[in-house]
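Heads up: the protein sequence lines correspond to chains Y and R, in order. Residue numbers for the first sequence follow our numbering, so the first one is 43 and each next one is one higher. Residue numbers for the second sequence follow our numbering, so the first one is 43 and each next one is one higher. Positions of the beta carbon are idealized from the N, C-alpha and C atoms, including for glycine. Working notes, structure below.
Number of protein chains: 2
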Amino acid sequence: MESFRGRFTNKVDAKGRVSVPAKFRTIVNTQGLNGIICSPSFKGAYLEAGGPAYGTMLDQMINRLGMFTEPHDDLAAVLYGESHDISIDGDGRIVLPEEMRAHANIADEATFVGFGARFLIWEPGAYEIFRTKALANAQSKSLGDLLQPVNAVMPVRPSGGDA
Amino acid sequence: MESFRGRFTNKVDAKGRVSVPAKFRTIVNTQGLNGIICSPSFKGAYLEAGGPAYGTMLDQMINRLGMFTEPHDDLAAVLYGESHDISIDGDGRIVLPEEMRAHANIADEATFVGFGARFLIWEPGAYEIFRTKALANAQSKSLGDLLQPVNAVMPVRPSGGDA
DNA sequence: CAAAAACCCATGATAATCCATGTAGTTCCA
DNA sequence: TGGAACTACATGGATTATCATGGGTTTTTG
């Protein structure tokens, strides 16, 4: 599955329409249907989105929990109940539902941030703050140490040298 | 099987008719018959519903229990005895049986909540309370931690890491 | 025959679709 | 290497289709 990369800020018009960055669209298109799945993050004032493959991934993760259990229902209420299936129109735009815009404080601009298997949608100013913190954390906390190479992908390593 | 997503509140008219959200209808339609299976929840004041595929799934789950065991009989009494096959009319509406409306305290509005393989029908105010709790649980109990990537989809994990 | 259920039609609001324009980025040629 | 033509993309506005909802009419059923 191809990864979402980059950061793009587009205008939201009076009807709530926004252009999905072309790069993201082409990825979504290769996944089958021409639409995205979008849900408010339960971690902050932004939206989480992705193509059909992202939806399948969520399905698989949540299906590992018993169908009528309490954790399942709590998560389902968030991941399904709060999410929307949004189709992309002929011009590459989506309409962000009112509640979603409210959750992310999005008024007339939205920032799309590539995030690998999915992408995030932020109010530009809020993302700037998050971004600054993330960069600072990545440096000061030596988070780089968490990033171990995967053997299957990068098998060639002469000897013990790792970090 | 496509998942039910989103949350929609529709009016119940004097005859007990409610529009099934269009998004849900199209999913149900692709499953064959144009009708839904609906039963009162045994966990709370709301209804559980789904398309033909959901019915098949219930059959399979219940058949895994011994046919003459007590759990089987108890669940069968609810899932079969209390459930109804409700057809969707030409305008995309269903009529909720009186007992069902009573069970969920539904008067003049009903909230349809996408829940993956099935969807729930709630009295709007009651769902708002449930939703608030679910959101709080998802955060405070770190339920997000339950959502580990599934290897089949995101194969990149060095070794044994699974749950 | 009465009550209820299924069916048909009309309407306003909302969402999807179509068309036109500006702009930035790229290519190609002089 | 500079500039002109072209292309891809984002964006604005107008038109059309879809959907939820209310009301009426026919058909079934007890």
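Measure how close the beta-carbons of residue i and residue j come, nearest whole angstrom, since I'm counting them as under 8 Å.
i: residue 136 of chain Y; j: residue 70 of chain Y; result: The pair is not a contact, with the Cβ atoms about 10 Å apart (cut-off 8 Å).
i: residue 159 of chain Y; j: residue 45 of chain Y; result: 7 Å
i: residue 66 of chain Y; j: residue 172 of chain Y; result: Their Cβ separation, rounded to whole angstroms, is 19 Å, which puts residue 66 of chain Y and residue 172 of chain Y out of contact at 8 Å.
i: residue 166 of chain R; j: residue 51 of chain R; result: 5 Å
Specify the secondary structure class of residue i as computed by DSSP and reduced to three states.
i: residue 71 of chain Y; result: helix
i: residue 89 of chain R; result: strand
i: residue 153 of chain Y; result: strand
i: residue 182 of chain Y; result: helix
i: residue 132 of chain Y; result: coil
i: residue 174 of chain R; result: helix
i: residue 108 of chain R; result: coil
i: residue 66 of chain R; result: helix
i: residue 82 of chain R; result: strand
i: residue 54 of chain Y; result: coil
i: residue 117 of chain R; result: helix
i: residue 97 of chain Y; result: helix
i: residue 193 of chain R; result: Unreliable placement is indicated for residue 193 of chain R, whose pLDDT of 43 sits below 50; the coordinate value is still reported in the next sentence. Residue state, collapsed to three classes: coil.
i: residue 167 of chain Y; result: helix
i: residue 59 of chain Y; result: strand
i: residue 202 of chain R; result: Residue placement at residue 202 of chain R is poorly supported in this model, since its pLDDT is 35, which falls under 50; the coordinates still yield a value, given next. Note: residue 202 of chain R maps to coil in three-state DSSP.
i: residue 48 of chain R; result: coil
i: residue 162 of chain R; result: strand
Look at the alpha carbon of residue i and the alpha carbon of residue j, and state the distance between them as a whole number of angstroms.
i: residue 108 of chain Y; j: residue 123 of chain R; result: 23 Å
i: residue 76 of chain Y; j: residue 132 of chain Y; result: 10 Å
i: residue 180 of chain R; j: residue 48 of chain Y; result: 29 Å
i: residue 149 of chain Y; j: residue 115 of chain Y; result: 32 Å
i: residue 139 of chain Y; j: residue 157 of chain R; result: 19 Å
i: residue 182 of chain Y; j: residue 117 of chain R; result: 55 Å
i: residue 87 of chain R; j: residue 68 of chain R; result: 27 Å
i: residue 152 of chain Y; j: residue 170 of chain Y; result: 12 Å
i: residue 130 of chain Y; j: residue 78 of chain Y; result: 7 Å
i: residue 194 of chain R; j: residue 174 of chain Y; result: With a pLDDT of 37 at residue 194 of chain R, under the threshold of 50, the predicted position of this residue should be treated as unreliable, though the coordinate-derived value follows. C-alpha separation (whole angstroms): 34 Å.
i: residue 178 of chain R; j: residue 121 of chain Y; result: 13 Å
i: residue 163 of chain R; j: residue 184 of chain Y; result: 48 Å
i: residue 54 of chain Y; j: residue 95 of chain Y; result: 26 Å
i: residue 176 of chain R; j: residue 147 of chain Y; result: 22 Å
i: residue 62 of chain R; j: residue 102 of chain Y; result: 26 Å
i: residue 110 of chain Y; j: residue 104 of chain Y; result: 12 Å
i: residue 161 of chain Y; j: residue 144 of chain R; result: 42 Å
i: residue 188 of chain Y; j: residue 80 of chain Y; result: 29 Å
i: residue 134 of chain R; j: residue 43 of chain R; result: 21 Å
i: residue 97 of chain Y; j: residue 58 of chain Y; result: 23 Å
Taking buried to mean at least 16 other C-beta atoms within 10 Å of its own C-beta, is residue i buried or exposed?
i: residue 99 of chain Y; result: buried
i: residue 125 of chain Y; result: buried
i: residue 206 of chain Y; result: Lying outside 43 to 205, the shown extent of chain Y, residue 206 of chain Y is not represented and no answer is given.
i: residue 191 of chain Y; result: exposed
i: residue 142 of chain R; result: buried
i: residue 89 of chain R; result: buried
i: residue 106 of chain R; result: exposed
i: residue 119 of chain Y; result: buried
i: residue 186 of chain Y; result: exposed
i: residue 113 of chain R; result: exposed
i: residue 74 of chain R; result: exposed
i: residue 127 of chain Y; result: buried
i: residue 84 of chain Y; result: buried
i: residue 64 of chain R; result: exposed
i: residue 91 of chain Y; result: buried
i: residue 203 of chain Y; result: Residue placement at residue 203 of chain Y is flagged as unreliable, the pLDDT there being 42, under the threshold of 50; the coordinate-derived value follows with that caveat. When all chains shown are included, residue 203 of chain Y counts as exposed.
i: residue 56 of chain Y; result: exposed
i: residue 93 of chain Y; result: buried
Just checking residue i against the ligand ATP - is the residue's beta carbon closer than 8 Å to any of the ligand's heavy atoms?
i: residue 60 of chain Y; result: By its list of ligands, the structure shown contains no ligand whatsoever, and the ligand ATP lies outside what it can speak to.
- At a Cβ cut of 9 Å, what residues of the segment 79 to 113 of chain Y count as close to chain R, listed as they run along the chain? 79, 81, 84, 85, 95, 97, 98, 99, 100, 101, 102, 103, 104, 105, 106, 107, 109, 110, 112, 113
- Message: Give me the subset of the segment 121 to 144 of chain Y whose CB atoms are less than 9 Å from a CB atom of chain R, sorted by chain position.
- Response: 121, 122, 123, 124, 125, 126, 127, 139, 141
- If contact means a Cβ-Cβ distance below 8 Å, which residues of the segment 176 to 187 of chain Y contact chain R? none
- Going along the chain, which residues of the segment 44 to 68 of chain R sit with their C-beta nearer than 7 Å to a C-beta in chain Y? 45, 46, 47, 48, 49, 65
- Relative to chain Y, which residues along the segment 158 to 177 of chain R have a C-beta separation below 9 Å, given in chain order? 158, 159, 160, 161, 162, 169, 172, 173, 175, 176, 177
- Item | the segment 147 to 158 of chain R: positions lying closer than 7 Å to chain Y by Cβ | 155, 156, 157, 158
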